[in-house]
Amino acid sequence: MDVKSRHHLRSDEIQELEEDLADHLGVDLDGDDYERVEFDDTDREVVLVDGEPLVASFDGDLFLTVRGANEHPPDRHVVTVDAGAISFVSDGANIMRPGITGATNDIDPGDLVIVVEETHDKALAVGRAEAAGEEMVGDAGKVVENCHHVGDELYEFHV
Numbered sequence: 092m093d094v095k096s097r098h099h100l101r102s103d104e105i106q107e108l109e110e111d112l113a114d115h116l117g118v119d120l121d122g123d124d125y126e127r128v129e130f131d132d133t134d135r136e137v138v139l140v141d142g143e144p145l146v147a148s149f150d151g152d153l154f155l156t157v158r159g160a161n162e163h164p165p166d167r168h169v170v171t172v173d174a175g176a177i178s179f180v181s182d183g184a185n186i187m188r189p190g191i192t193g194a195t196n197d198i199d200p201g202d203l204v205i206v207v208e209e210t211h212d213k214a215l216a217v218g219r220a221e222a223a224g225e226e227m228v229g230d231a232g233k234v235v236e237n238c239h240h241v242g243d244e245l246y247e248f249h250v
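When you line the sequence shown up against this note's numbering, it's residues 92 to 250, in that order.
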């Protein structure tokens with residue numbers, strides 16, 4: 092990921108970002124320094140919070156990265172997977188119903204979600220829900236499209 096430009100966010104942009112993440116995920120970033128990073132080779136943007144890539148754009152929507160979700164665990168828009176799903180999700184696989192042990196009821200199809208493992212509640216991925224939260228546990232079918240995961244280019248990005 093080649094950096095094209097870096098810009099500090101204005102105070103109104105910071106306030107909007109913090110309020111949006113608080114409303115949607117129940118997290119409080121409360122950083123001192125916010126910087127938007129744009130890249131040459133992708134449409135994705137990253138927001139560095141105190142120098143760490145904690146927020147990124149996913150199809151234009153700003154949302155926590157895996158690193159951000161591990162530093163600021165969300166209360167909402169969370170899908171929990173069992174131990175058997177960890178290696179698949181961490182390799183970028185989509186999330187299938189048989190591996191899901193729970194999901195928050197605030198999830199609607201099309202929402203961005205944080206995928207966590209059930210033992211330690213550590214974030215493994217960010218995905219796009221294809222079903223409502225109450226319909227995610229089951230026997231068959233893909234219910235979350237994996238957009239970003241542990242070990243991918245975004246996860247490994249450092250400034």
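In this text, a Cβ means the ideal position worked out from N, Cα and C, and glycines have one as well.
These figures come from a predicted structure and were not determined experimentally.
(message) Restricting to runs no shorter than 4 residues, where is the alpha helix (DSSP H) found entirely within the segment 117 to 166?
(response) Correct list: 157 to 162.
(message) Looking at the secondary structure, which residues open and close the beta strand (DSSP E) in which L215 lies?
(response) Here the beta strand (DSSP E) through L215 covers 214 to 220.
(message) Just verifying my parser: in three-state terms, what is the DSSP assignment at A100?
(response) In the sequence on display, residue 100 carries Leu and not Ala. Residue state for L100 is assigned as coil, using DSSP reduced to three classes.
(request) With a threshold of 16 other CB atoms inside 10 Å of the CB of S96, please say whether the residue is buried or exposed. (result) So S96 ends up on the exposed side.
(request) Could you have a look at E226 and say whether DSSP puts it in helix, strand or coil? (result) Looking at E226 - three-state DSSP - the assignment turns out to be helix.
(request) Would you mind reading off the limits of the beta strand (DSSP E) that contains I205? (result) Taken as a continuous stretch (DSSP letters only), the beta strand (DSSP E) holding I205 covers 203 to 208.
(message) Between the alpha carbons of I293 and E126, how many angstroms are there, rounded?
(response) This structure gives no information on residue 293, because the portion of the chain shown stretches from 92 to 250.
(message) For the structure I just gave you, are there three or more beta carbon pairs, one from the segment 201 to 219 and one from the segment 185 to 193, closer than 8 Å?
(response) Contact between the segment 201 to 219 and the segment 185 to 193 is present: three or more C-beta pairs spanning the two stretches fall below 8 Å.
(request) Could you have a look at H239 and say whether DSSP puts it in helix, strand or coil? (result) Of the three classes helix, strand and coil, the one that applies to H239 here is strand, per DSSP.
(message) In the DSSP output, what is A194 paired with across the bridge?
(response) DSSP lists V170 as the bridge partner or partners of A194.
(request) Kindly indicate which three-state DSSP category V234 falls into: helix, strand or coil? (result) Under the three-state reduction of DSSP output, V234 falls in the strand class.
(request) Please classify V250: does DSSP put it in a helix, a strand, or coil? (result) Coil at V250, not helix or strand.
(request) Confirm, please, whether the CB-CB distance from I177 to E208 is below 8 Å. (result) With contacts defined as CB atoms closer than 8 Å, E208 and I177 qualify as a contacting pair.
(request) Sort out for me which residues DSSP pairs V94 with in a bridge. (result) Bridge partners of V94: F130.
(message) Determine whether the beta carbon atoms of S181 and G242 lie at a separation below 8 Å.
(response) For the 8 Å CB-CB criterion, S181 and G242 form a contact.
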